[in-house]
Amino acid sequence: MCGIVGYCGRRAAAPILLAGLKKLEYRGYDSAGVAVLNGTAFAVVRRAGRVSGLDGAASLMGNAGIGHTRWATHGAPSERNAHPHVWGDYAVVHNGIVENEHALKAECLARGEEFLSETDSEIVAHLLAREAGDPLVALRNVCARLEGSYALAVLCARTPGTVYCARRGSPLIVGRGKDGLYAASDAPAIATEAEELYALRDGEFAVLAGEEARIFNGELAAVSGDRIVCAAADDAPALDGFNHYMRKEMSEIPAVFARSLTDFAENSEFCKVLCQTEYIQIAACGTAYHSGLCAKFAIERFCRIPAETYIASEYRYLDPIVKENTLFLAVSQSGETADTLAAARLAAERGAVVVAVTNVAYSSLTRIARFTLLTQAGREIAVAATKSFNAQLALLYSLTAALARQRGRLAADPSALAPILSDALARSEETRAWTPFFAGARGAYFIGRGADHAVALEGSLKLKEVSYLPGEGYPAGELKHGTLALIDDKTPVVALAFSERLAEKTMNAVREVAARGAKVFLITCFEELCARKGVFRSLLLPPCEEAYSPAVSVLPLQALAYYVALARGNDPDKPRHLAKSVTVE
Ligand code: AGP
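Going left to right, the sequence shown walks through residues 9 to 593 as our numbering numbers them.
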């Protein structure tokens with residue numbers, strides 16, 4: 009979370025910082041700020057709200073500066089809590105969490121220092137100001153005292169024209185261009201300006217000054233950087249006639265799914281690992297967790313290999329049992345989600361073969377993993393994940409088919425789904441007519457069994473995220489064990505039925521909730537179910553292989569969430585309180 013940009017060089021820093029921050033707003037957009045060093049004085053502009061609200065910042069004078077777009081962790085999104093934080097000779101922007109905040113703050117307060125914000129980040133400026141001498145040494149000393157995670161960009165009034173950087177646990181890229189030196193939380197923010205890009209490794213520092221971006225290890229010995237390649241990217245790719253990125257990205261799903269299908273070359277090192285695999289663990293967060301859940305069903309069905317899906321933030325503290333020949337799939341669109349990275353590290357330590365399933369080739373996850381499988385979703389701008397979910401499914405289903413082949417088992421071919429998706433996408437527009445029943449509701453339920461339940465979870469997450477309506481995904485058979493008490497005529501229920509084996513069982517739950525007054529919106533590929541008693545509205549989607557059906561059945565749920573968000577006057581691309589990339593624990 010939070011986006012950091014740093015610049016020093018021949019040009020005015022402020023416009024470069026602002027352009028970079030706009031590209032990083034997906035990491036947080038509740039407040040923003042820049043600090044520019046003009047001679048030995050800081051000029052600072054900070055505001056609550058988005059980068060576009062930083063009035064006056066563009067005209068700040070100075071050739072070195074740092075900027076920040078925030079996703080609040082400590083203290084409300086307000087001007088005083090916005091970064092950069094200035095204390096003494098130092099200005100600091102921070103991404104991460106200082107976990108020993110209380111002890112360090114108490115120490116500063118005991119020295120009579122006053123805190124100007126409620127953030128944990130301000131502590132870093134206070135601790136730096138106490139250190140005399142070389143700011144790089146000061147930064148190293150301060151970082152040694154910080155518990156938790158950080159990416160830091162720092163200015164020191166004593167060293168004009170210099171930006172200092174540090175990284176542990178939160179991503180930070182530095183780069184060199186013809187007009188100066190750059191730092192950013194993510195490469196696209198500076199890729200148009202910087203020709204050479206390096207990802208700092210955990211525990212590394214960088215000093216940007218003169219013509220050189222120098223990188224140092226924890227002992228402050230110079231090291232060669234970890235060079236990465238990232239194509240230059242616009243801050244705002246064309247909407248191509250769509251009103252929102254979320255809608256545009258949904259429209260790309262058929263192409264993205266087809267592109268992300270992968271052929272695993274027999275005899276590759278990866279296939280040899282697949283051959284030996286006896287257990288599969290999948291860890292991820294949010295939507296990526298749901299794609300992992302969907303994959304578990306397909307893997308167990310076709311490969312008969314035990315597969316378990318974990319919420320990454322839980323896995324890391326579970327003391328997980330990793331048996332020999334365990335393949336660990338870390339699924340993450342961004343490849344930067346802190347909990348997923350931690351889970352992957354732990355699995356690697358315990359002997360699993362870690363595979364990154366990610367959309368970003370240079371992401372931190374790929375550095376932890378032994379193998380990287382790249383989804384081909386393209387850049388996803390909307391905070392709500394849509395096309396990346398289907399891209400993950402395409403890849404995970406391809407993996408399922410390859411794994412089954414290795415074991416001499418038959419698996420359905422996931423590429424058969426690709427032509428179905430366009431039709432399903434078009435039919436999903438029908439959910440727009442359902443929005444009046446959801447927009448004013450107290451909340452909604454999404455029910456299903458097996459893989460349908462995994463999709464129900466994703467549908468409820470999507471609805472919550474963009475419409476701010478409570479939504480719950482529930483196993484259809486479990487409602488009667490308590491939750492049925494919440495069902496009445498103000499709780500629309502979306503029921504999913506894509507499994508021939510389980511559809512009638514789901515219809516039992518449909519009858520039960522309808523009997524309690526709920527309006528049931530059935531999404532199915534079985535035409536005969538649509539006319540059943542208790543079904544208020546139905547959407548018929550094309551039939552498809554049951555084990556892969558989530559790639560199809562999720563489409564109307566994404567559309568429903570989008571249209572309900574619009575009906576409630578929300579911005580579906582930047583939902584309140586959220587950020588696209590969750591780089592804090
Ligand atoms: C989904 O719509 C969310 N924005 C969120 O749940 C997301 O999927 C999650 O934070 C994981 O992100 P990742 O795929 O980049 O790891």
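Cβ atoms here follow ideal geometry from the backbone N, Cα and C, with glycine treated the same way. Here the structure is a predicted model, which means the values were calculated and not measured.
Inter-residue CB distance, residue i and residue j (contact presumed, cutoff 8 Å)
i: proline 583; j: leucine 574; result: 12 Å between Cβ atoms; not a contact.
i: valine 361; j: leucine 335; result: 5 Å
i: serine 157; j: alanine 346; result: 7 Å
i: glycine 177; j: aspartate 210; result: 6 Å
i: arginine 375; j: valine 330; result: No, arginine 375 and valine 330 are not in contact; Cβ-Cβ is about 20 Å, not under 8 Å.
i: alanine 72; j: leucine 136; result: Wrong, their Cβ atoms sit about 16 Å apart, outside the cutoff.
i: alanine 419; j: proline 262; result: So it is not a contact: roughly 22 Å between Cβ atoms.
i: arginine 54; j: glycine 41; result: 3 Å
i: threonine 591; j: glutamate 344; result: 5 Å
i: glutamate 121; j: histidine 134; result: 6 Å
i: valine 44; j: alanine 22; result: 5 Å
i: asparagine 333; j: threonine 285; result: 6 Å
i: valine 502; j: phenylalanine 454; result: 5 Å
i: glycine 467; j: glycine 451; result: Actually they do not touch by this definition, with Cβ atoms about 13 Å apart.
i: valine 368; j: serine 342; result: 6 Å
Own chain, CB closer than 7 Å to residue i, minus 5 neighbours either side, in chain order
i: alanine 424; result: Glu553
i: threonine 167; result: Pro143
i: alanine 239; result: Ala199
i: glutamate 438; result: Leu547
i: alanine 449; result: Leu477, Lys498, Thr499, Pro500
i: tryptophan 442; result: Phe529, Arg545, Leu568
i: alanine 432; result: Leu549, Pro550, Val560, Leu563
DSSP-derived helix/strand/coil call for residue i
i: cysteine 552; result: coil
i: phenylalanine 446; result: helix
i: glycine 359; result: coil
i: serine 125; result: coil
i: aspartate 347; result: helix
i: alanine 72; result: strand
i: aspartate 234; result: strand
i: phenylalanine 544; result: strand
i: histidine 102; result: strand
i: threonine 374; result: helix
i: threonine 167; result: coil
i: leucine 326; result: coil
i: proline 314; result: coil
i: proline 262; result: helix
i: serine 475; result: helix
i: glutamine 566; result: helix
i: histidine 298; result: helix
i: arginine 417; result: coil
i: valine 44; result: strand
i: glutamate 109; result: helix
i: glutamate 212; result: coil
i: serine 157; result: strand
i: histidine 134; result: helix
i: arginine 457; result: coil
i: histidine 93; result: strand
i: serine 340; result: strand
i: serine 193; result: coil
6 Å Cβ shell around residue i - same chain, five flanking residues per side excluded
i: alanine 402; result: Phe265, Ser268, Leu269
i: leucine 112; result: Ile131
i: alanine 56; result: Ser39, Pro85, Ser86, Glu87
i: cysteine 533; result: Phe506, Leu549, Pro551
i: methionine 258; result: Thr394, Gln566
i: arginine 378; result: Val361, Val362
i: glycine 226; result: Gly211
i: valine 281; result: Val361
Nonlocal neighbours in the same chain, by C-beta distance under 8 Å from residue i, ignoring five residues either side
i: leucine 247; result: Tyr253, Lys256
i: alanine 49; result: Ala165
i: leucine 537; result: Ala505, Ala511, Met515, Leu530, Val543, Ser546
i: lysine 513; result: Arg457, Ala484, Gly485
i: asparagine 46; result: Leu68, Met69, Gly70
(request) Would you be able to state if there are at least three C-beta pairs under 8 Å between the region 120-131 and the region 82-90? (result) Taking 8 Å as the limit for Cβ pairs, the verdict is that the region 120-131 does touch the region 82-90.
(message) Whether or not the region 559-576 and the region 466-477 are in contact is what I'm after, with contact meaning three or more pairs of Cβ atoms, one per stretch, closer than 8 Å; do they touch?
(response) The region 466-477 and the region 559-576 touch, with no fewer than 3 CB-CB distances between them shorter than 8 Å.
(request) Could you tell me whether the region 141-155 touches the region 58-77, where touching means 3 or more Cβ pairs closer than 8 Å? (result) No, because fewer than three Cβ pairs between the region 141-155 and the region 58-77 fall closer than 8 Å, the two stretches do not touch.
(request) Report yes or no: do the region 442-462 and the region 297-306 share at least 3 C-beta pairs separated by less than 8 Å? (result) Flag = yes, the region 442-462 and the region 297-306 touch.
(message) Does the region 181-188 come into contact with the region 202-220, if we say contact requires no fewer than three beta-carbon pairs (one atom in each stretch) closer than 8 Å?
(response) Taking 8 Å as the limit for Cβ pairs, the verdict is that the region 202-220 does touch the region 181-188.
(message) Any contact between the region 10-19 and the region 191-211? By contact I mean 3 or more CB pairs, one from each, below 8 Å.
(response) Below 8 Å, enough C-beta pairs join the region 10-19 and the region 191-211 to call them touching: three or more.
(request) May I ask you to verify whether the region 280-295 touches the region 396-414, counting CB pairs closer than 8 Å and requiring at least 3? (result) The region 280-295 vs the region 396-414: in contact.
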